[in-house]
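Only one structure is covered here, and it is reproduced in the block below.
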Amino acid sequence: MDLTYIPMARGFVYLCAVVDWFSRKVLSWRLSITMEAAFCIEAVEEALARHGRPEIFNTDQGSQFTSIDFTAVLKRSQIAISMDGKGAWRDNVFVERLWRSIKYEEVYLHAYKTVSEARAGIARYLNFYNTRRPHWHCCKVSDEAAFCLIQRPYISKTLLTRRISPRGSP
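Quick note on numbering: UniProt numbering labels position 15 of the sequence shown as 15, and the sequence is numbered without any gaps.
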């Protein structure tokens, strides 16, 4: 999980997202006009309710993620908390790659005038990102398709085998 700022025609908003590391699927997300922890907590609670409890939850050391309220949600669910080193953006590179994609493929192409407009544009993009945009890390299938493979170990093994095979081989 991470957060980033989204520029608008006037000002900006903050976007947080919970991302599955295997499939890179965005499990939940929220926009906020402030950097308080509440919108991050809402995103985590939605991800847990819709997709279940992961073994480990990774974030950076931002104040939202180190807050007592945020960590309490994870502790109550008995989820191991993993936090990146200070200034170590590569520790959460999958979410950083999402930020690049959403900004260059959606946000920078539009000058959102309102938060509602930003929310609608980001919702459309994330639906596309999860369901139709092919990804190299997932053998060129969508994040949604890769996420579904996690539920089926026999297919997941095939995906993992194909992913680590040399290029050009089946």
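Beta carbons are placed, not taken as given, at the ideal position from N, Cα and C, and that holds for glycine.
A quick note: this is a predicted structure, and the numbers were derived from the prediction, not measured.
Looking at the structure shown, is residue i part of a helix, part of a strand, or coil, going by DSSP?
i	result
G11	coil
residue 174	Only positions 1 to 170 of the chain appear in the structure, and residue 174 is not among them; the question remains open.
Residue i: buried (16+ other C-beta within 10 angstroms of its C-beta) or exposed?
i	result
D2	buried
G11	exposed
V95	buried
T161	Because the pLDDT of T161 is 34, which lies under 50, any placement of that residue in the model is unreliable, and the number read from its coordinates should be weighed accordingly. Exposed, because fewer than 16 other Cβ atoms sit within 10 Å of the Cβ of T161.
F128	exposed
On the DSSP letters alone, give me the boundaries of the beta strand (DSSP E) that residue i sits inside.
i	result
N58	I56 to T59
V26	V26 to S32
I81	A80 to M83
For the alpha helix (DSSP H) that residue i lies in, which residues bound it at each end?
i	result
Y108	No alpha helix (DSSP H) holds Y108; DSSP gives it neither H nor E.
E45	A38 to H51
K75	I68 to R76
Does the ligand MN have even one heavy atom less than 7 Å from the beta-carbon of residue i?
i	result
S77	As for the ligand MN, it is missing from this structure, which has no ligand bound.
Looking only at C-alpha atoms, which of the options sits nearest to residue i?
i	options	result
K71	D20, A38, S101 and K103	In the sequence as displayed, the identity of residue 71 is Thr instead of Lys. Per the Cα distances, A38.
R76	S23, I41 and Y112	I41
V18	G121, R50 and I6	R50
residue 197	N92, N130 and D69	This structure does not reach residue 197, given that the chain is present from 1 up to 170, and the question cannot be answered.
S63	D84, R53, I56 and E55	D84
L48	W29, M8 and T66	W29
C16	T131, A123 and R132	A123
V13	L126, P134, A111 and V93	A111
I33	G121, S116 and L126	S116
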